[in-house]
Amino acid sequence: MKNKVLVTGADGFIGSHLTEELIRSGYDVRAFVYYNSFNSWGWLDTLSSEVKKELDVFTGDIRDPYGVKEAMKDCTHVLNLAALIAIPYSYHSPDTYVDTNIKGTLNVVQAARELGMEKVVHTSTSEVYGTAQYVPIDENHPLQGQSPYSATKIAADQMALSFNKSFDLPVAVIRPFNTYGPRQSARAVIPTIIGQLAAGQTSIKLGAVSPTRDFNYVKDTVNGFISVMNSSRSVGEVINIGSNYEVSIGETAEIIAELMNVDLHIETDEQRLRPSKSEVERLWADNRKAKELLGWEPIYGGKEGFRLGLKETIDWFTNPQNLATYKTDVYNI
Numbered sequence: 086m087k088n089k090v091l092v093t094g095a096d097g098f099i100g101s102h103l104t105e106e107l108i109r110s111g112y113d114v115r116a117f118v119y120y121n122s123f124n125s126w127g128w129l130d131t132l133s134s135e136v137k138k139e140l141d142v143f144t145g146d147i148r149d150p151y152g153v154k155e156a157m158k159d160c161t162h163v164l165n166l167a168a169l170i171a172i173p174y175s176y177h178s179p180d181t182y183v184d185t186n187i188k189g190t191l192n193v194v195q196a197a198r199e200l201g202m203e204k205v206v207h208t209s210t211s212e213v214y215g216t217a218q219y220v221p222i223d224e225n226h227p228l229q230g231q232s233p234y235s236a237t238k239i240a241a242d243q244m245a246l247s248f249n250k251s252f253d254l255p256v257a258v259i260r261p262f263n264t265y266g267p268r269q270s271a272r273a274v275i276p277t278i279i280g281q282l283a284a285g286q287t288s289i290k291l292g293a294v295s296p297t298r299d300f301n302y303v304k305d306t307v308n309g310f311i312s313v314m315n316s317s318r319s320v321g322e323v324i325n326i327g328s329n330y331e332v333s334i335g336e337t338a339e340i341i342a343e344l345m346n347v348d349l350h351i352e353t354d355e356q357r358l359r360p361s362k363s364e365v366e367r368l369w370a371d372n373r374k375a376k377e378l379l380g381w382e383p384i385y386g387g388k389e390g391f392r393l394g395l396k397e398t399i400d401w402f403t404n405p406q407n408l409a410t411y412k413t414d415v416y417n418i
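Next up, the structure:
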């Protein structure tokens with residue numbers, strides 16, 4: 086294909102899956118990974134040799150405008166996934182979220198404007214909606230910064246969209262709901278549950294179990310990114326990518342325990358609880374816009390799709406080689 090696609094945050098959970106799928110689909114991909122002295126490419130290191138040999142890896146820092154622009158040279162499209170995303174960490178280190186999420190986004194769209202890129206896909210999050218004021222949540226729902234993380238993502242979204250309005254830069258904002266699947270960090274609830282159970286703990290530690298989420302399997306999220314990138318109708322738009330299925334954290338834990346054939350007891354761990362006004366109590370995606378504009382629909386939608394996605398996730402995490410990379414007895418902030 087003539088397009089060369091830059092994926093920022095390619096070393097992360099969603100970014101590695103997206104990079105892998107793009108390469109398998111025949112795209113020319115440059116993977117922007119966070120520079121470190123260990124020469125680690127994050128989850129890209131675990132990909133097959135046939136995929137890795139096709140990788141064009143650029144090590145840098147999304148906070149540095151010069152490196153970002155250098156990485157984007159010769160690329161036609163950029164999928165911007167580089168971000169700090171852990172909500173608890175944002176409570177005590179908010180400044181790093183401003184630099185990474187807001188300034189990082191500015192670096193991407195400014196370079197894209199100067200280089201005349203064909204498309205920028207900026208990654209948002211369902212956390213920008215805060216606790217649902219109505220359900221299902223469509224793209225017109227009010228934005229509520231209930232954590233420093235979500236506040237910086239609101240600002241980053243608006244920064245990206247402002248470059249479309251101000252400079253006619255072809256920007257689209259993809260807003261995935263709670264993505265889960267293999268390789269996800271243990272800071273997220275589904276790996277936390279699976280990891281503790283896989284390590285033999287039948288009494289597991291969680292935070293609040295009453296909030297609901299719209300969990301989206303990573304393969305569906307990846308297909309959403311590619312659909313947004315390839316659609317001319319996505320320019321200037323914010324598009325939810327979600328399963329349109331709402332489930333509580335508590336019920337999610339019960340389903341996982343059933344699939345793993347283990348008894349479950351949940352202990353409330355105070356350090357895992359968000360401040361009461363910061364907790365997002367309810368998320369449920371309206372995905373009609375994605376269907377209408379992109380023709381995208383979740384393959385893993387509904388209760389049965391959720392169970393299927395969980396089964397694939399459990400299979401990955403319970404592989405001893407994969408489980409060994411997680412500290413299941415330590416709270417991952």
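In my numbering, the protein residues as written are 86 to 418. Glycine is no exception: its CB is placed at the ideal position from the N, C-alpha and C atoms.
Query                                                                                                                                                                                 : Result
Just confirm the distance between the C-beta atoms of V307 and L166, as a whole number of angstroms; I'd bet it's less than 8 Å.                                                      : No, V307 and L166 are not in contact; Cβ-Cβ is about 11 Å, not under 8 Å.
Name the one or two DSSP bridge partners that E352 has.                                                                                                                               : K290
Excluding the 5 residues flanking S363 on each side, which residues of the same chain have their C-beta closer than 7 Å to its C-beta?                                                : Q231, S232
Counting only runs that start and end within the stretch 209–261, where is the alpha helix (DSSP H) found for 4 or more residues in a row?                                            : 233–252
Would H207 and V153 qualify as a contact pair, given that the criterion is a beta-carbon distance under 9 Å?                                                                          : no
Closest to K89 by C-alpha separation, out of M202, D130, V194, G127, would be which residue?                                                                                          : M202
So what's L395 in DSSP terms, helix, strand or just coil?                                                                                                                             : helix
DSSP state of D146, grouped into three classes?                                                                                                                                       : coil
From which residue to which residue does the beta strand (DSSP E) around K89 run?                                                                                                     : 89–93
Let me check one thing: in DSSP terms, what residues is I324 bridge-paired to?                                                                                                        : I259
Alpha carbon to alpha carbon, how far is G215 from G309?                                                                                                                              : 22 Å
Identify the continuous beta strand (DSSP E) that holds F117 and give its terminal residues.                                                                                          : 113–119
Does the stretch 329–343 come into contact with the stretch 279–297, if we say contact requires no fewer than three beta-carbon pairs (one atom in each stretch) closer than 8 Å?     : yes
So N325 packs on R260, CB below 8 Å; how close in whole Å?                                                                                                                            : 5 Å
On the three-pair Cβ rule with 8 Å, is the stretch 189–197 touching the stretch 153–164?                                                                                              : yes
Helix or strand or just coil, what does DSSP make of K158?                                                                                                                            : coil
With 16 other CB atoms within 10 Å as the buried threshold, where does R268 fall?                                                                                                     : buried
Give me the Cα-Cα distance between S333 and K87, rounded to the nearest whole angstrom.                                                                                               : 44 Å
Three Cβ pairs or more, each shorter than 8 Å: is that satisfied between the stretch 240–251 and the stretch 290–308?                                                                 : no
Please work out which residues of its chain come closer than 6 Å, Cβ to Cβ, to V136, disregarding the five sequence neighbours upstream and downstream, and give them in chain order. : E105, I108
Helix, strand or coil for N165, going by three-state DSSP, please let me know.                                                                                                        : strand
Identify whether Y416 lies in helix, strand or coil by the three-state DSSP scheme.                                                                                                   : coil
Opposite H207 in the DSSP bridges: which residues?                                                                                                                                    : N165, V258
Can you have a look at E155 and say buried or exposed, based on whether 16 or more other CB atoms are within 10 angstroms of its CB?                                                  : exposed
In three-state DSSP terms, what is Y174?                                                                                                                                              : helix
Select from K238, I170, Y174, V258 the residue whose C-alpha is nearest the C-alpha of V205.                                                                                          : V258
Helix, strand or coil for N124 per DSSP?                                                                                                                                              : coil
Is it buried or exposed for S133, if we count other Cβ within 10 angstroms and need 16 for buried?                                                                                    : exposed
Please report the distance separating the alpha-carbon of T237 from that of G321.                                                                                                     : 20 Å
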